[in-house]
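Q: Protein chains in written order, with the working numbering: chain A, 1135 to 1428; chain B, 90 to 332; chain C, 228 to 544. Note that the Cβ used here is the ideal one computed from N, Cα and C, for glycine as well.
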Amino acid sequence: MAFLQTIPFDQLLIQTINGIVTGMILALVASGLTLIFGIMDVVNFAHGELFMLGAYVGVIVLAATGDFWIALVAASLIIALLGAAIYLMTLRPLLGRDPLTTILATFGVSLVLQNYALWQFGPVARKIQEPFTGHFTIFYLDYPWYRLVIALLAAAIIGALWLFLKFGTYGIWIRATTQDRVMAQAMGIPVPWVLTVVFAIGAGMAGASGVLFGPLVGVNHTMGLDWILKAFIVVVVGGMGNLAGSIAAAIFISLLEAYAALWVSPAQAIIVSFVVLILTLLFRPTGLFASTPR
Amino acid sequence: MSLPPAAPLLEVEEIHTYYGKSHILDGVSLEVGRGEVVGLLGRNGVGKSTTLKAVAGLVHPSRGEVRFEGRSITRSPAHRVARLGIGYVPEERRIFPLLTVVENLRTGLDRQGVTTARKKELLEKVYAYFPVLAERRGQAGGTLSGGEQQMLAIARAMMLEPKIILLDEPTEGLMPRMVSQIREIINVLHRERVAVLLVEQNVPLTLEASQRIYILEKGVVRHHAPAAELQVNDAVIHQYLGV
Amino acid sequence: MRVRHTVVYWTGFSVILALLVIAPVVLPEFWRRFLTEILIWGLLAMSSDILIGYTGMVSFGHSAFFGLGMYGAATALLSVQPPNLWLAMLYGLVGAAAVAGFVAYFSTRLRDIYFAITTLIFSQIFYVVIFTWTEVTGGENGLTFSRPPLAIPGLFSVPFTSQTLHWFVVAVVTLSYLVLRRITRSPFGMVLQSIRENEARTRAIGYPIERYKIVAVMLSGLFAGLAGVLYAVQNRFAAPDFVFFLVSGEAVIYNVIGGIGTLVGPILGAAFFLLLREGLSRFFTEYYLIPVGLIFIAIVIFMPQGLLGFARRWLNE
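(1) State yes or no: is the beta carbon of R1309/A nearer than 8 Å to at least one beta carbon in chain F?
(2) What residues in its chain sit with their C-beta under 6 Å from that of V190/C, if we drop five residues either side in the sequence?
(3) List the endpoints of the continuous beta strand (DSSP E) containing G1344/A.
(4) For a contact defined as C-beta to C-beta under 7 Å, what are the partners of W1253/A on chain C?
(5) DSSP three-state label for A1395/A, please.
(6) Can you give the Cα-Cα distance for A206/B and E213/B, rounded to whole angstroms?
(7) Does the beta carbon of L304/C sit closer than 8 Å to a beta carbon anywhere in chain A?
(8) Can you tell me where the beta strand (DSSP E) with S118/B in it begins and where it stops?
(9) Do the CB positions of A1239/A and L1187/A come within less than 8 Å of each other?
(10) Could you tell me which residues DSSP puts in a beta bridge with T1168/A?
(11) To which residues does DSSP link E297/B through a beta bridge?
(12) Pull the bridge partners of V155/B from the DSSP assignment, please.
(13) Would you mind stating whether T140/B and L129/B have Cβ atoms separated by less than 8 Å?
(14) Between which two residues does the alpha helix (DSSP H) harbouring R428/C extend?
(15) Thinking C-beta only, is G455/C closer than 8 Å to G296/C?
(16) Just list the residues that DSSP pairs L255/B with in beta bridges.
(17) For V307/C, collect the residues of the same chain with a Cβ closer than 8 Å to its Cβ; drop the 5 residues on either side in sequence, then sort them by chain order.
(18) Alpha carbon to alpha carbon, how far is L263/B from D339/C? Give it in angstroms, no decimals.
(19) Please go through the same chain and pick out, in chain order, the residues whose beta-carbon is closer than 8 Å to the beta-carbon of A325/C, but skip the five residues on each side of it.
(20) For G1421/A, tell me which candidate among L1146/A, S1399/A, V1368/A has the shortest Cα-Cα distance.
(21) Are the CB atoms of E125/B and Q320/B within a distance shorter than 8 Å?
(22) Say the cut is 7 Å; is the CB of V277/B nearer than that to a heavy atom of the ligand MG?
(23) Could you give the first and the last residue of the continuous alpha helix (DSSP H) run that contains Y404/C?
(24) Opposite G128/B in the DSSP bridges: which residues?
(25) Could you please tell me which residues of the stretch 328-346 of chain C, in chain order, have their CB closer than 9 Å to any CB of chain A?
(26) How about P1324/A: is its C-beta nearer than 8 Å to some C-beta of chain B?
(27) Check the DSSP bridge columns for A312/B and list the partner residues they point to.
(28) Taking contact to mean 3 or more Cβ pairs, one atom from each stretch, closer than 8 Å, check whether the stretch 269-286 of chain C and the stretch 414-425 of chain C are in contact.
(29) Excluding five sequence neighbours on each side, which residues of the same chain lie with their C-beta closer than 8 Å to the C-beta of E237/B?
(30) Short of 8 Å Cβ to Cβ, which residues in the stretch 478-507 of chain C face chain A?
(31) Return helix, strand or coil for V1258/A, following the three-state DSSP convention.
(32) Please classify A1394/A: is it buried, with 16 or more other beta-carbons within 10 angstroms of its beta-carbon, or exposed?
(33) Hey, is G1421/A's beta-carbon within less than 8 Å of any beta-carbon in chain B?
(34) Ignore the nearest five residues each way along the sequence and tell me which others in T302/C's own chain have a CB closer than 6 Å to its CB.
(35) Where does L370/C fall in DSSP's three states?
(36) Could you tell me whether the stretch 1274-1286 of chain A touches the stretch 164-184 of chain B, using the rule of 3 or more Cβ pairs below 8 Å?
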């Protein structure tokens, strides 16, 4: 306990906020991933690249219009369309087949997208300007407003998704298709269309995350790799297909990593999430936060 | 395209289906007229469920044709078949477990061209027929009892305002008291001028409820007669079903 | 009919083997090394085939096994003087087997998708550890060392030339292929395939599936580690990049392109991929992965049996 007292309280607080901010973005990315997995049993390896391309689209649109918010919306829409295209061209043909093939196909897509970004944008990192600067003070430290806004926005998007799924016809269609694809068809729900839309929504969310996160780090073609790894861990720890679980897991793991970063380097802090994963697999393989079987 | 009054609502013509290498349906033909209740009997595994699935578009025959209101629907995807007016109630009921009763009903209710007023009307109607569903409208489907789930499955199909409902073993696993309720429901459907293609193991119920009977054996229709005839002359029943 | 098939097979085998042996004598240096590399990556892909093709488990963990084989060999060659080839092999194989055992223990109880993700994450765990543990592993820069001689202690010691190294690699890869072929045709191999076909049924019959899977992962890891040792010996360095999960992904790509479940297919896939990369890089420089990736996706969708499967069907018609 004395050991903990050696950490200045304000640093702890800062890391808590940082953890939550990163956690919310991770939750946004992971939600898309788990939504897609839940409805069509596809592990979208290319999800990190959708995140990365979203950031790049953000860079371009920002440069063209000077408006961060337009960039955010544009990136979400464009990446959503890209997602729909990817689904139609590579995943729809694989629908009846061995689920292993979808892992391979999305892995191939991720390679193509990564190298496409490298080709188009080069290896040098780009920057997205924050939409507003300005700090507020906690104790005697400055904390940028922007980071809080990211967390709020991510939460808002996830909240909107939740509302969309809970109420409204399309929400019912998506949930029905997730629970029983065959009966959904027998009830007249246009399942092929629903699957495409869900993949697009997941992709759009990843794209939005990329733009939101862009100002925090440099935008470059490998940024997706880190995130896909963390997103996978989050989805497994939260319970595959469990939306609420993914969100909880995202925040939990990000907080742990943020705290770990107080002692070790960020590159090593990621080991924390690995450990959480291993423990989850050992003791609660259906997911730490899985409340009821889906 | 207007239909001559005597033309059947549903025509199944010589359909063949395979499951891997197994030849399940070996040339099944049957028809159902508007508002008719037709029974499909046979031992386990002869292909009764598969026949219903082929009509519903969940299984596509490799040969043969399925026609609905004169139009071929053999290759149509299941969701289009449902919207044309074919309701399907599968053997395991398969209501959406994590959707509430209302949401389950809405999967059939929320269609293009249905006004809010009409939706309300349909809901009220089905609640009148199935008061227990009205009671449990906010409950998750998975928490309902077997009998309640069966009612929900049928009610859900009725939300499509179908011209024919395919019922696959509705009384399976139900208590005797519920069996008579199913009988009532089939009556209701008949009154509403909805045709029924009924697959059942419960022979007396089927003979009572149906106008005509087909008997299936090893993927082919072996016998076809009015139900009344089979009620009197049950030797055929014994022959094919051993009951 | 059966006899004729076997004769055709062994004739083909001998011809290819002969070509591989003659190659270093005829080919210029660059292509000689290229061929050796194809064989090494082919071995890695072949090890991955045991899991994907025969047991039906997609693994992204091979980079960890390969990497540990590489670093194990490096450790032997750096810490024990004079550098000993067989010791390097031993260290490498032990390292790979240990990692494989570790990964197998956690991952095999999980089904398909979870297994794939978990093996990927384990690769990354090892990557991070190796990357950051600079004192032991050289961190980012890796380790460099000298090539050990081909020696049997007490008998002779002959430093490798590019040619003799190639023959050594051919020998090791051929031997590995023959061993794996034997194993896949054994009762053990049959059980693996039945796991791939229908896991539930195999379990219902009474086979302890988890145990078979663990052995399959360790077997796969062993040969992946062997490939790592060969790579270390040929290139005289070990680097964390090889432990990054993308390397596993590449092995899987070679496997799928060549044809899963064939053992030979992966080697073909490696050859195809590396040749394609070589060819395309003249035009596309660093972005050759784009057309390669597209080809890979196309093969997954349209030619799931891989090139070998496609050729086989084409020949049969």
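A: Let me lay it out:
(1) In the displayed structure, chain F is absent; the protein chains listed are A, B and C.
(2) This structure cannot settle anything about residue 190/C, because the visible part of chain C is limited to 228 through 544.
(3) As a first step, residue 1344/A must be located in the first sequence, where it is residue number 210. No beta strand (DSSP E) contains G1344/A, which is instead part of the alpha helix (DSSP H) from 1325-1347.
(4) By 1-based counting over the first sequence, the position of residue 1253/A is 119. Correct list: Y514, I517.
(5) On the first sequence, position 261 is the one that residue 1395/A refers to. DSSP places A1395/A in coil when its eight states are reduced to three.
(6) Mapped onto the second sequence, residue 206/B falls at position 117. Mapped onto the second sequence, residue 213/B falls at position 124. A206/B and E213/B: Cα-Cα distance of roughly 11 Å.
(7) Within the third sequence, the letter at position 77 stands for residue 304/C. Chain A, which has no Cβ nearer than 8 Å to the Cβ of L304/C, makes this no.
(8) On the second sequence, residue 118/B is found 29 positions in, with the first residue counted as 1. Residues 111-121.
(9) Numbered from 1 along the first sequence, position 105 holds the residue referred to as residue 1239/A. Numbered from 1 along the first sequence, position 53 holds the residue referred to as residue 1187/A. Going by C-beta atoms, A1239/A is not nearer than 8 Å to L1187/A.
(10) What you label residue 1168/A is simply residue 34 of the first sequence in a count that begins at 1. Paired residue(s): none; T1168/A is not in a bridge.
(11) By one-based count along the second sequence, residue 297/B stands at place 208. Looking at the DSSP assignment, E297/B forms no beta bridge with any residue, so it has no partner.
(12) Here residue 155/B refers to the residue found at position 66 when the second sequence is read from its first residue. V155/B is bridged to V101/B.
(13) Counting from one through the second sequence, the residue named residue 140/B turns up at place 51. Counting from one through the second sequence, the residue named residue 129/B turns up at place 40. Yes. Within cutoff.
(14) By one-based count along the third sequence, residue 428/C stands at place 201. Per DSSP, R428/C belongs to the alpha helix (DSSP H) from 426-432.
(15) Taking the third sequence and counting its residues from 1, the one referred to as residue 296/C is at position 69. Taking the third sequence and counting its residues from 1, the one referred to as residue 455/C is at position 228. Contact flag set, yes.
(16) Residue numbering aside, residue 255/B sits at position 166 when the second sequence is read from its first letter. DSSP output for L255/B lists Y177/B, L286/B as bridge partner(s).
(17) The sequence position of residue 307/C within the third sequence is 80, counting from 1. Correct list, in chain order: L314.
(18) On the third sequence, position 112 is the one that residue 339/C refers to. On the second sequence, position 174 is the one that residue 263/B refers to. Going by C-alpha positions, D339/C is about 37 Å away from L263/B.
(19) Locating residue 325/C in the third sequence gives position 98, counting from the first residue. Within the same chain, A325/C has close Cβ partners L295.
(20) Taking the first residue of the first sequence as position 1, residue 1421/A is located at position 287. The shortest C-alpha separation from G1421/A is found at V1368/A.
(21) Taking the second sequence and counting its residues from 1, the one referred to as residue 320/B is at position 231. Taking the second sequence and counting its residues from 1, the one referred to as residue 125/B is at position 36. Not in contact: Q320/B and E125/B (Cβ atoms no closer than 8 Å).
(22) Ligands are entirely absent from the displayed structure, and the ligand MG is therefore not among its contents.
(23) As a position in the third sequence, residue 404/C is number 177, starting the count at 1. Segment 389-412, the alpha helix (DSSP H) holding Y404/C.
(24) Translated into positions along the second sequence, residue 128/B becomes position 39. Paired residue(s): L287/B, I302/B.
(25) For the stretch 328-346 of chain C, the set of positions with a beta-carbon nearer than 9 Å to some beta-carbon of chain A reads F333, S334, R336, L337, D339, I340, Y341, A343, I344, T345 in chain order.
(26) As a working mapping, residue 1324/A is identified with position 190 in the first sequence. At least one CB atom of chain B sits nearer than 8 Å to the CB of P1324/A.
(27) Locating residue 312/B in the second sequence gives position 223, where the first residue counts as 1. Before going on, a small fix: residue 312/B reads as His here, not Ala. The partner list for H312/B (beta bridge, DSSP) reads I304/B.
(28) yes
(29) Here residue 237/B refers to the residue found at position 148 of the second sequence. Closer than 8 Å at the Cβ level, and outside the excluded window around E237/B, lie V221, L222, R225.
(30) V479, I480, V483
(31) The residue given as residue 1258/A occupies position 124 in the first sequence. DSSP places V1258/A in coil when its eight states are reduced to three.
(32) Start at 1 with the first residue of the first sequence, and residue 1394/A comes out as number 260. So A1394/A ends up on the buried side.
(33) As a working mapping, residue 1421/A is identified with position 287 in the first sequence. Residue-level contact check: G1421/A does not touch chain B, since none of the beta carbons of chain B fall below 8 Å from its beta carbon.
(34) On the third sequence, position 75 is the one that residue 302/C refers to. For T302/C, where only same-chain residues beyond five positions count, the Cβ hits under 6 Å are Y318.
(35) Along the third sequence, one-based indexing puts residue 370/C at 143. DSSP places L370/C in strand when its eight states are reduced to three.
(36) no
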